[in-house]
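FYI, in this note's numbering the residues of the sequence shown are 37 to 292. The structure appears below as structure tokens.
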Amino acid sequence: MIVGQNALYLEALNKAGYNSKTAKKVMIQSSDSSVLAKFKGKNYELVYHVNEIISDILNSTILDIKNFSDSVLIGKKSVYPDDENFTTGVTNIVPKLQSFKLHVYVELFRNEFVSQDWDFFSDPIVEINQFVTVATVDGLVTDFPQTAASYKKNRCLNSANLSPFLSAVLPGGLLQSMAFVAGPAAVPPAEPPAPVFTDADVSEPALPPAVKIVPSPAPSTTTASSPKTPSSDVPRITFSAFLSSLAMVAAALLLF
């Protein structure tokens with residue numbers, strides 16, 4: 037996936053032959069609608085990046101996104117909002133976008149245990165399985181592709197008796213269990229809801245024409261040498277000083 041913020045990428049991709057239907061699939065990602073509009077009509081999958089946590093998206097906004105994009109990339113918390121790393125529920129953003137024939141990708145998946153919500157037992161495989169089988173996203177963006185590959189190769193996924201660790205996680209269930217066992221005081225305070233993604237968040241001014249930057253010439257390394265004092269000036273100064281000293285001696289002799 038290429039993160040594109042400059043229209044000059046279009047020329048480079050065309051020269052490399054990636055616009056051909058026989059070439060490998062290229063995905064262009066940007067959070068700027070005007071950038072993706074430059075690539076519209078080419079043989080690329082255009083991915084609009086929603087680079088903020090949202091709780092919902094307007095239908096009119098989705099229709100606007102469809103004008104310049106084939107897919108949408110959102111954050112994990114836009115699917116499963118959380119509070120202090122405890123999931124609090126699930127949004128309807130994924131099925132809503134998919135109902136408009138848009139692919140939905142989610143970011144960012146990592147292996148470090150602090151990157152997963154506690155509901156997923158700090159296990160990256162459990163987290164991936166939740167987004168793939170329950171949230172039914174179309175793809176993931178990860179810093180650890182080997183982990184995603186291991187999940188795809190897991191034979192337990194096709195087993196009739198699914199392993200317990202691959203069972204669906206109830207969003208908000210762990211938080212409810214804490215409140216039931218330890219009391220409401222153990223539950224972290226509720227956070228304000230994320231904003232709704234609107235048409236104004238998508239609208240961007242048109243891109244200016246691409247201008248190739250010509251490098252400025254390198255500064256000259258030669259420095260002007262200071263003019264040398266003529267060698268004849270040195271004895272002249274010495275001779276003048278000698279005359280001045282002789283005059284002072286003569287004046288002193290006259291005083292006596």
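Glycine included, each C-beta is placed from N, C-alpha and C at the ideal position.
task: Mind checking which residues open and close the beta strand (DSSP E) that includes residue 142?
output: 139 to 145
Classification of residue 179 by the beta-carbon crowding that lies within 10 angstroms, buried from 16 upward: exposed
task: Apply the 10 Å Cβ neighbour rule to residue 72 and answer buried if 16 or more other Cβ atoms are within range, or exposed otherwise.
output: buried
Coarse secondary structure for residue 110, derived from DSSP in three states: strand
message: On the CB-based measure, 16 or more other CB atoms within 10 Å of its CB, does residue 97 come out buried or exposed?
response: buried
query: Can at least three beta-carbon pairs, one atom from the region 179 to 191 and one from the region 210 to 228, be found at a separation below 8 Å?
result: no
query: Touch check for the region 237 to 249 and the region 107 to 123: three-plus C-beta pairs under 8 Å?
result: no
message: With three or more beta-carbon pairs closer than 8 Å as the criterion, would you say the region 199 to 208 touches the region 118 to 131?
response: yes
- prompt: When DSSP builds the beta bridges, which residues end up paired with residue 81?
  reply: 63
message: In whole angstroms, give me the CA-to-CA distance for residue 94 and residue 147.
response: 33 Å
- request: Out of 70, 83, 68 and 67, point me to the one whose CA is closest to residue 61's CA.
  value: 83
field: Cut-off 8 Å between Cβ atoms - residues of its own chain near residue 222, not counting five sequence neighbours on either side
entry: 214 and 215
query: Do residue 92 and residue 224 have their C-beta atoms closer together than 8 Å?
result: no
field: Spatial distance of residue 271 from residue 255 (CA atoms)
entry: Low per-residue confidence applies at residue 271: pLDDT is 47, beneath 50, and the placement is therefore not dependable, though the value from the model is reported in the following sentence. Whole-angstrom Cα-Cα distance: 41 Å.
message: Between which two residues does the beta strand (DSSP E) holding residue 217 run?
response: Element bounds for residue 217: not the beta strand (DSSP E) but the alpha helix (DSSP H), 209 to 218.
Reference residue 235, options 187, 101, 166 and 66, closest by Cα: 101
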